[in-house]
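The sequence shown runs 12 to 248 under our numbering.
Glycine included, every Cβ here is placed at the ideal spot set by N, Cα and C.
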Amino acid sequence: MRPIVEFTRVTREYGSRIALDDVCLRLEPGELTFLVGPSGAGKTTLLKLINREIRPTSGEVWVDGIPAHRLKTHRVSDLRRRVGVVFQDFKLLPRLTTIENVALALQVGDLRISDGEAMDRALDALEAVGLGDRGKAFPHQLSGGQQQRVAVARAVVAQPPLLIADEPTGNLDLDTAWEMMDLFRDIAAWGTSVLIATHNVEIVTRLQRRVVTLVQGRLVRDQPAGAIGRMAWLASS
Ligand SMILES: Nc1ncnc2c1ncn2[C@@H]1O[C@H](COP(=O)(O)OP(=O)(O)OP(=O)(O)O)[C@@H](O)[C@H]1O
Ligand SMILES: [Mg+2]
Numbered sequence: 012m013r014p015i016v017e018f019t020r021v022t023r024e025y026g027s028r029i030a031l032d033d034v035c036l037r038l039e040p041g042e043l044t045f046l047v048g049p050s051g052a053g054k055t056t057l058l059k060l061i062n063r064e065i066r067p068t069s070g071e072v073w074v075d076g077i078p079a080h081r082l083k084t085h086r087v088s089d090l091r092r093r094v095g096v097v098f099q100d101f102k103l104l105p106r107l108t109t110i111e112n113v114a115l116a117l118q119v120g121d122l123r124i125s126d127g128e129a130m131d132r133a134l135d136a137l138e139a140v141g142l143g144d145r146g147k148a149f150p151h152q153l154s155g156g157q158q159q160r161v162a163v164a165r166a167v168v169a170q171p172p173l174l175i176a177d178e179p180t181g182n183l184d185l186d187t188a189w190e191m192m193d194l195f196r197d198i199a200a201w202g203t204s205v206l207i208a209t210h211n212v213e214i215v216t217r218l219q220r221r222v223v224t225l226v227q228g229r230l231v232r233d234q235p236a237g238a239i240g241r242m243a244w245l246a247s248s
């Protein structure tokens, strides 16, 4: 099967600083993978390469068959349609209702979708994350956990084959973080590949999914699902 993400010898420098150093990585369709490592290890850099927010200094980044490393700006939307993104700070638009936030993501991705269809599909996505009754609320009227659910609905409403999340539970308490992880597990079970950068030791060790570890830009460990011991650097953080 074709990998959903493939990094081949990827290096990314910021000036003289090496943020990612000769990284090779393959993610299979439908897999849930954690990306861990100390602060500054290169996790966000790796996610930004997948979304082509940045390009590698050298090496290749393939996402669902698209060469992100050499993608021209006017083709970036082809890639973005295939990648849903969730951030630590939700990034919802404050003046739009939750359903409008989700619907807008669909319409930005595909200009042919009518308002009515976008709203119908946005409601389906909100129902899937357990917020079908909060479509008319504005982001500030929701809890942090609920806002993050809306952000997840927005990320998956176009049914992308890949979801990437950068510290999605960083602003949530542990109980809410666990609920969020259940949601990511459901999304992976529905067939979407999910890649989550996180510092949350508790969740990573208990979930026993694949864990990729970066340290100082290098991929130092790749543990398959079910093989997760307590990681030394995590235990001390
Ligand atoms: N725009 C930038 N300009 C210069 N250096 C950068 C830039 N973005 C990241 N870096 C550097 O690249 C390295 C990797 O940063 P990155 O943000 O990918 O780490 P991270 O693993 O996401 O860290 P954290 O856990 O704190 O979010 C760090 O040394 C960082 O200082
Ligand atoms: Mg980061």
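- DSSP places Thr203 in no alpha helix (DSSP H); its state is neither H nor E.
- Val205 is the residue among Arg232, Val205, Gly228 whose C-alpha sits nearest the C-alpha of Val167.
- Ile110 and Lys54 do not touch by the CB rule: their CB atoms are close to 31 Å apart, not below 8 Å.
- Ordered along the chain, residues surrounding ligand 2 are Lys54, Thr55, Asp177, Glu178, Ala208 [Cβ under 7 Å from any heavy atom].
- Residues of the same chain with a CB within less than 6 Å of the CB of Val226, apart from the 5 flanking positions on each side, are Gly48, Ala52 in chain order.
- In its chain, beyond the 5 residues on either side, Pro105, Arg106, Leu107, Thr108, Thr109 have a beta carbon closer than 8 Å to the beta carbon of Phe149.
- Gly228 and Arg20 have their alpha carbons spaced roughly 12 Å apart.
- The closest heavy atom of ligand 1 lies 8 Å or more from the beta carbon of Arg93.
- Note that the C-beta distance between Leu58 and Val96 is below 9 Å.
- When DSSP assignments are scanned along the segment 68-143, the uninterrupted stretches of beta strand (DSSP E) that are 3 or more residues long and fall wholly within it turn out to be 69-74, 94-97.
- For Ile175, DSSP records a beta bridge to Val96, Leu206.
- Only buried fits Asp75, as 16 or more other CB atoms lie within 10 angstroms of its CB.
- In this structure, DSSP gives Val167 a helical state, which the three-state scheme calls helix.
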